[in-house]
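Following: one structure in structure tokens, then a few remarks.
Residue numbers (the numbering used here): 19 to 371.
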């Protein structure tokens, strides 16, 4: 399927920049792949100029290692992104925004449950989601949790359950309210063998315009909320209102967990011209979108919703594909916020923007 085939359904639609680039590249009969690809070559040059050590290659048993970031490397990455000064025409920007849910629905129809791997690490990076008996004693004492009382997690952008279902397995005292704006994702989640209606309430909800389901706000709200690689799919102008809506559903003392794409992630550096919607916001193959955050932006968004920052940091990793002899450099933002027991008023946000 052509990335922009939806263009043919609109009469006299402008030619998308990527379509024109594809036409030009076909005319030149140029085929590039692997490290001969201009984008890969540019990234390799950046790594060499910055003197980055590929530590993941030092141990043949390793496939992942921590990456070290430097100021020089950030300057080079910023300069690489600055070379692309063009943005997609307003017609396409509006179309991607209007059809955001539809494009993700198409994504799940095409990939079903096979695209994302299950997230079996969440109870480790967010210990509050772990089973009570598996959590360190000092954490239980600090939080004052009642072991006999089940906890409720609201997951925004749950997809087909790659986060929710592993958490159900690891923590029998956790119930989950799962929402996503893709109908197909929710339908697939409900067909999963581990889906249990007694513990999971999944429903279609567009966080940018719909009210949260009653299960998320009943009995004083939820104990936890999770944004896992989903806030980046929203238009930046709508992120604050979405977070504010979720924060309002969290009980005083509850926590909001966040993990998403970080600035200068290799996926961001690989975008070719014709994919940029605005600074640090891009359209992917399949017409879904992705934003790449700084920790400062994340703090501003969540603290603006009346939450207190407990953790907020970059996670930088090197991954190696030894068959292809390629090292990939990934960047994420990991953060935890808490709703004060006496919550301050959140910033006023116009949800219609």
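A virtual CB, placed ideally from N, CA and C, is assigned to each residue, including glycine.
Put simply, the backbone Cα of residue 67 is about 12 Å away from that of residue 88. Judged by beta-carbon spacing, residue 220 lies within the 9 Å limit of residue 176, meaning their Cβ atoms are closer than that value. Counting the other CB atoms within 10 Å of its CB gives residue 77 a total below 16, which places it among the exposed residues. Contact check between the region 326-338 and the region 347-362: three or more CB pairs, one atom from each, fall below 8 Å, which counts as touching. Distance from the CA of residue 173 to the CA of residue 96, rounded to the nearest whole angstrom, comes to 33 Å. Three or more Cβ pairs closer than 8 Å define a contact, and the region 260-275 falls short of that threshold against the region 293-302. When the five nearest sequence neighbours on each side are left out, the beta carbons in the same chain lying within less than 7 Å of the beta carbon of residue 208 are those of 220, in order along the chain. In this structure, residue 148 lies near residue 141, with their beta-carbon atoms less than 9 Å apart. A residue is called buried once 16 or more other Cβ atoms fall within 10 Å of its Cβ, and residue 100, having fewer, is exposed.
Counting every other CB atom within 10 Å of its CB across the protein chains shown gives residue 245 a total of 16 or more, marking it as buried. Approximately 6 Å separates the beta-carbon atoms of residue 254 and residue 309; this is inside 8 Å, confirming the contact. Secondary structure at residue 261: helix, using DSSP grouped into helix, strand and coil. Fewer than three pairs of CB atoms, one per stretch, sit closer than 8 Å, so the region 314-321 makes no contact with the region 122-139. Taking the Cα of residue 198 as reference, the smallest distance to any Cα among 186, 222, 185 is reached at 222.
Taking 8 Å as the upper bound for CB-CB distance, residue 224 and residue 119 are in contact here, some 6 Å apart. If you look at residue 270, you'll find it in the beta strand (DSSP E) that goes 268-279. Inside the region 280-330, DSSP marks whole beta strand (DSSP E) runs of 3 or more residues at positions 294-296, 299-301, 307-309, from first to last along the chain.
Your pair residue 200 and residue 123 checks out as a contact, with CB atoms roughly 4 Å apart and the cut at 8 Å.
Separation of the CB atoms of residue 268 and residue 243 is rounded to 5 Å, and the pair is thereby assigned contact status at 8 Å. In this structure, the CA atom of residue 299 is about 13 Å from the CA atom of residue 103. Where residue 360 is concerned, there is no enclosing beta strand (DSSP E), because DSSP gives it neither an H nor an E. In the structure shown, residue 112 falls within a helical segment according to DSSP collapsed to helix, strand and coil. Here residue 234 is buried, its C-beta having at least 16 other C-beta atoms within 10 Å. Shown here for residue 105: same chain residues with a beta carbon closer than 7 Å to its own, the five before and five after excluded, namely 294, 295, 296 in chain order. As far as DSSP is concerned, residue 124 takes part in no beta bridge. Residue pairing of residue 70 in beta bridges, as defined by DSSP: absent, with no partner found. Non-local C-beta neighbours of residue 210 in its own chain, meaning closer than 8 Å and more than five positions away in sequence, comprise 131, 178, 179, 183, ordered along the chain. The three-state secondary structure of residue 225, taken from DSSP, is coil.
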